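Engineer:
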Amino acid sequence: MAGRLPPKSTSRIRTAHSAQNFALLRRIALNQLQRETSVKSSIRQKRYRAALDNQYAIKVLLA
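Under the working numbering, residues 760 to 822 are what the sequence shown spells out, in order.
Below is the structure:
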């Protein structure tokens, strides 16, 4: 069990409008990954690469 992340359904995002805010942030992040075209990869692979490589994550955010 060590090192496992909880599923999204157990997220503690419950107060006020935080669920809506995080949904918006997720949608923005997905759109930025789709707009980033320097790497011909799936969205899943781009998300993983951005998690591992800070320079790539910055590149995606500024795309």
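Cβ coordinates follow ideal geometry from the N, Cα and C atoms, glycine included.
Nothing here was measured: the structure is a model prediction, and the numbers come from that model.
Mapping DSSP to helix, strand and coil, what is V798?
Structural biologist: Indexing the sequence shown from 1 puts residue 798 at position 39. DSSP places V798 in coil when its eight states are reduced to three.
Engineer: Please classify L792 as buried or exposed, where buried requires at least 16 neighbouring CB atoms within 10 angstroms.
Structural biologist: Taking the sequence shown and counting its residues from 1, the one referred to as residue 792 is at position 33. Answer is buried; the Cβ neighbour count reaches 16.
Engineer: Helix, strand or coil: which one does DSSP assign to I821?
Structural biologist: As a first step, residue 821 is located in the sequence shown; it is residue number 62 there, counting from the start. Per the sequence presented here, residue 821 reads as Leu, with Ile not at that position. L821: coil per DSSP, three-state reduction.
Engineer: Under a three-way DSSP split, which group does A775 fall into?
Structural biologist: For the purposes of this step, residue 775 is taken as residue 16 along the sequence shown, with counting starting at 1. Reduced to three states, the DSSP call for A775 is coil.
Engineer: Any idea if K799 is buried or exposed, counting beta-carbon neighbours within 10 angstroms, 16 or more meaning buried?
Structural biologist: Locating residue 799 in the sequence shown gives position 40, counting from the first residue. Exposed, because fewer than 16 other Cβ atoms sit within 10 Å of the Cβ of K799.
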